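Visitor: Have a look at the structure that comes next, please.
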Amino acid sequence: MNTMTPRERAALALDRRQPDSVPTFELEFQLSDEMFGRPFLTHRDLKDKSAAERDRLIKENAEFMIQVYDALEYSIIPVHYLDMDGIKATARH
Numbered sequence: 042m043n044t045m046t047p048r049e050r051a052a053l054a055l056d057r058r059q060p061d062s063v064p065t066f067e068l069e070f071q072l073s074d075e076m077f078g079r080p081f082l083t084h085r086d087l088k089d090k091s092a093a094e095r096d097r098l099i100k101e102n103a104e105f106m107i108q109v110y111d112a113l114e115y116s117i118i119p120v121h122y123l124d125m126d127g128i129k130a131t132a133r134h
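Here the working numbering is used: the first residue of the sequence shown is 42, the next is one more, and so on.
Shown next, in the form of structure tokens:
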């Protein structure tokens, strides 16, 4: 039985210590499409958007990512779908 949270699992693994199970995360399987009916936001989706619209979309995407990764009990939330500005904005939300 797992007793650690996904976050604790990831932190221990990154510190090269042994968690209660292997931390998990999505790299390239697009499970959000298959399981939740929509993809994560990409940098192409933000092209030609106003600053306000871009911020709204990034905030909405960050909330969606948390919903997906929480449901899948992932330990790490990758945001490689966005450019560096989008990644930083996601982290703020």
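Heads up, the beta-carbon is just placed ideally off N, CA and C, and yes, glycines get one too. Model, not experiment: these values are computed from the prediction.
1) Output needed for R133: all residues of its chain with C-beta closer than 8 Å, excluding positions within five of it in sequence on either side, in chain order.
2) Measuring alpha carbon to alpha carbon, tell me which residue in S116, R97 and E114 is nearest A130.
3) So, does the segment 77–92 touch the segment 52–65, judging by three or more C-beta pairs under 8 Å?
4) Ignoring anything shorter than 4 residues or poking outside the segment 55–121, list the alpha helix (DSSP H) runs there in chain order.
5) Hey, could you find the ends of the alpha helix (DSSP H) M45 is sitting in?
Guide: Let's see:
1) none
2) R97
3) no
4) 72–77, 84–87 and 92–112
5) It is not in any alpha helix (DSSP H) - M45 carries neither H nor E in the DSSP assignment.
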